[in-house]
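A.B. asks: This note's numbering numbers the first residue of the sequence shown as 242 and each following residue consecutively. By construction, the Cβ of each residue, glycine as well, lies at the ideal position given by its N, Cα and C atoms. No experiment lies behind these values; they were computed from the predicted model shown.
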Amino acid sequence: MSLLVGYPYVGGVGLAGPRCDAAAVIVRKKRRYPVTMAEPAGTPRALFPTATRPVPPRRRRDRRGRGMRGTLLPPDVPAYATRSERFDDLVLDAVEHLDHRWSAELADVEFAVEDVPPVSVTDDSVPLASYQPASGKGRSATPQRIVVYRRPLEARAVIPEDLAELVLDAIIHQVAEMMDVDPAVIDPEGHGWGDEE
């Protein structure tokens, strides 16, 4: 469907007819997007068409003949896990290692992972983990909590294989502090207490 718009005026007299060379022709196309009728606030029964346009998926182009880009690792590959997810798995493994022997004592303990210790720490050394005793009663009660700090432990690990051992050592020391015993009692296999001299 075409619509003629704006016949030019020559000498104050409008030229009639669609055959005028200067006539502007606008061709209407079918609407691609649905038109909804919106009613502005305060205007009763006034209908104004507004187009809602769906956002098309972003199209990426093949640059310099290298092929289309995609994800480097599919989600089912073990290397897909982030650094923090791998650290969480190390903490769970360490707690599971201690849970076989101390399940009754660790039943009411909450283990948490934070990136860095709070700023309020005034010591010269950066803590690797901290123990927070239970506090409050009733609904406002907080359970015993052992918090492991990810970034200080990752900075201490010389090679990635050392990180699992450091996490286990830090948790053993905090459990020993919680139970007020020597770390050798918590883990007689020698983790967490043999390197302190």
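With a cut-off of 8 Å on the beta carbons, I'd call Ala370 and Tyr390 a contact; round off their distance for me.
C.D. replies: By one-based count along the sequence shown, residue 370 stands at place 129. By one-based count along the sequence shown, residue 390 stands at place 149. With a Cβ gap of about 6 Å, Ala370 and Tyr390 count as contacting.
A.B. asks: Based on the DSSP secondary-structure assignment, which residues constitute the bridge partners of Glu351?
C.D. replies: Taking the first residue of the sequence shown as position 1, residue 351 is located at position 110. Answer is Arg386, bridged to Glu351.
A.B. asks: If I measure Cβ to Cβ from Thr383 and keep anything under 7 Å in the same chain, skipping five residues before and after, which residues do I get?
C.D. replies: Your numbering for residue 383 matches position 142 in the sequence shown. Once the five neighbours on either side are set aside, the close Cβ partners of Thr383 are Ala375, Ser376, Gly377.
A.B. asks: Is the number of C-beta pairs between the stretch 321-333 and the stretch 397-417 that are closer than 8 Å three or more?
C.D. replies: A contact exists between the stretch 321-333 and the stretch 397-417.
A.B. asks: With distances taken between CB atoms, is the gap from Met419 to Gln385 smaller than 8 Å?
C.D. replies: What you label residue 419 is simply residue 178 of the sequence shown in a count that begins at 1. What you label residue 385 is simply residue 144 of the sequence shown in a count that begins at 1. It is a contact, given that the beta carbons lie within the stated cut-off.
A.B. asks: With C-beta atoms as the reference, is Val336 less than 8 Å away from Phe352?
C.D. replies: Residue mapping note: residue 336 aligns to position 95 of the sequence shown, counting from 1. Residue mapping note: residue 352 aligns to position 111 of the sequence shown, counting from 1. Yes.
A.B. asks: Take Gln373 as the anchor and find which of Arg380, Val388, Pro359 has the nearest alpha-carbon.
C.D. replies: Stepping through the sequence shown from its first residue, residue 373 is reached at position 132. The candidate whose alpha carbon is nearest that of Gln373 is Val388.
A.B. asks: Just the C-alpha distance for Glu225 and Ile400, rounded to the nearest angstrom, thanks.
C.D. replies: The chain is shown only over 242 to 438; residue 225 falls outside these bounds and no answer can be derived.
A.B. asks: Please work out which residues of its chain come closer than 6 Å, Cβ to Cβ, to Pro358, disregarding the five sequence neighbours upstream and downstream, and give them in chain order.
C.D. replies: Here residue 358 corresponds to residue number 117 of the sequence shown, with the count starting at 1. Cβ within range, chain order: Pro368, Tyr390.
A.B. asks: For His414, does the count of other Cβ atoms within 10 angstroms reach 16, so buried, or fall short, so exposed?
C.D. replies: Here residue 414 refers to the residue found at position 173 of the sequence shown. By the 10 Å Cβ count, His414 comes out buried.
A.B. asks: Can you give the Cα-Cα distance for Val354 and Arg397, rounded to whole angstroms?
C.D. replies: Position 113 of the sequence shown, counted from the first residue, corresponds to residue 354. Position 156 of the sequence shown, counted from the first residue, corresponds to residue 397. Roughly 16 Å separates the two Cα atoms.
A.B. asks: When the Cα atoms are used, what is the spatial distance from Pro316 to Val422?
C.D. replies: For the purposes of this step, residue 316 is taken as residue 75 along the sequence shown, with counting starting at 1. For the purposes of this step, residue 422 is taken as residue 181 along the sequence shown, with counting starting at 1. Using only the alpha carbons, I get a separation of about 43 Å.
A.B. asks: Quick check on this structure: which residue in Ser361, Leu339, Ser344 has the alpha carbon closest to the alpha carbon of Ala425?
C.D. replies: One-based indexing of the sequence shown puts residue 425 at position 184. Nearest option by C-alpha distance: Leu339.
A.B. asks: Please report the distance separating the alpha-carbon of Tyr321 from that of Ser381.
C.D. replies: Taking the sequence shown and counting its residues from 1, one reaches residue 321 at position 80. Taking the sequence shown and counting its residues from 1, one reaches residue 381 at position 140. When rounded, the separation of the alpha-carbon atoms in Tyr321 and Ser381 is 39 Å.
A.B. asks: If you count every other CB in all the chains shown that lies within 10 Å of the CB of Asp428, and 16 or more means buried, which is it?
C.D. replies: Translated into the one-based positions of the sequence shown, residue 428 becomes position 187. Buried, since its Cβ has 16 or more Cβ neighbours within 10 Å.
A.B. asks: Using a 10 Å radius around the Cβ and a threshold of 16 neighbouring Cβ atoms, would you call Val318 buried or exposed?
C.D. replies: In the sequence shown, the residue the question calls residue 318 occupies position 77. By the neighbour-count rule (16 or more Cβ atoms within 10 Å), Val318 is not buried but exposed.
A.B. asks: Classify Ser325 as helix, strand or coil using the three-state DSSP reduction.
C.D. replies: The count along the sequence shown starts at 1 and reaches residue 325 at position 84. Looking at Ser325 - three-state DSSP - the assignment turns out to be helix.
A.B. asks: Taking Cβ to Cβ, would you say Arg327 is nearer than 8 Å to Asp356?
C.D. replies: Counting from one through the sequence shown, the residue named residue 327 turns up at place 86. Counting from one through the sequence shown, the residue named residue 356 turns up at place 115. No. Outside cutoff.
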